[in-house]
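Numbering (this note's numbering), first residue to last: 1 to 188.
What follows is one structure encoded as structure tokens, with my remarks underneath.
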Amino acid sequence: MTTDISLLFFDPHTLNGSLDSALVAIVDTEAARARHSDNGLFIPSGTLHAQWLSNAHHTHVPMPMKDFDFQVFNAGQRKRTQDSRSRMHVLDPTLHRRPSDQALMATLAVTHHLGKCSVYHYIHEGEAGALFLHLMDVEPVERASWRAWQRLARSAAARVAASQPMLSDDCWYVRWRPEMELERKFTS
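Given below as structure tokens:
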């Protein structure tokens, strides 16, 4: 069974500010091997198939791409992620980013079910894949409306802020920054 997942990509440079302005792109994917439950979502590495790219300027730009990835834990993931980011840039140069400056973070994942959507927050990644924590269930999102996605991001931001103290303020789950990635890998 294939899971319909929308990944919401945020600019890490503005992520600590307004989430609706940090929301940069949405990639609609199909994930045949993803597993989700009431509490979490696991996306195995290298199993996503991108279908569509949307942002504030364009909705549903066709983006057929097997091996779409956003993870950077190992060399294979980094290569697929670099290819995915380059493809996003080529398809939508309005992102105003040089291909080397595309450190967009897949902070939220939305699974689409009959009659509802489940929103998950990125928690951790490893060799096997990425883990997301369940935040909330919402009414189906109007995928063609960027404002609907921004409203969803604002709602999720409130839930993320409420859950961070439960994860503690000194763990990597809530303090991740792109420039700290190498340090995390070599000191863990």
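All residues carry an ideal CB built from backbone N, CA and C; glycine is no exception.
By the neighbour-count criterion, in which 16 or more other beta carbons inside 10 Å mark a residue as buried, G115 falls on the exposed side. Its Cα nearest to that of R143, the residue H58 stands out among R154, A22, H58. Note: M88 is not bridge-paired with any residue in the DSSP secondary-structure output. In this structure the segment 62-69 does not lie against the segment 143-155, because fewer than three pairs of beta carbons, one per stretch, are closer than 8 Å. Beta-bridge partners of D137 (DSSP): S118. With respect to the 8 Å criterion, L135 and A156 are classified as neighbours on the basis of their beta carbons. According to the DSSP secondary-structure assignment, H112 is paired through a beta bridge with C117. Residue burial annotation: R80 is buried, with at least 16 other C-beta atoms found within 10 angstroms of its C-beta. I43 is positioned such that its CB atom lies closer than 8 Å to that of A31.
Beta-bridge partners of G46 (DSSP): none assigned.
Just measuring C-alpha positions, the residue of S37, L23, F9, R78 sitting nearest H113 is S37. Excluding its 5 nearest sequence neighbours in each direction, A128 has C-beta neighbours in its own chain below 7 Å: P44, S45, listed in chain order. DSSP, reduced to helix, strand and coil, places A32 outside both helices and strands of the structure shown, so it counts as coil.
DSSP, read as helix, strand or coil, puts S6 in strand. DSSP places P64 in the uninterrupted beta strand (DSSP E) bounded by 61-68.
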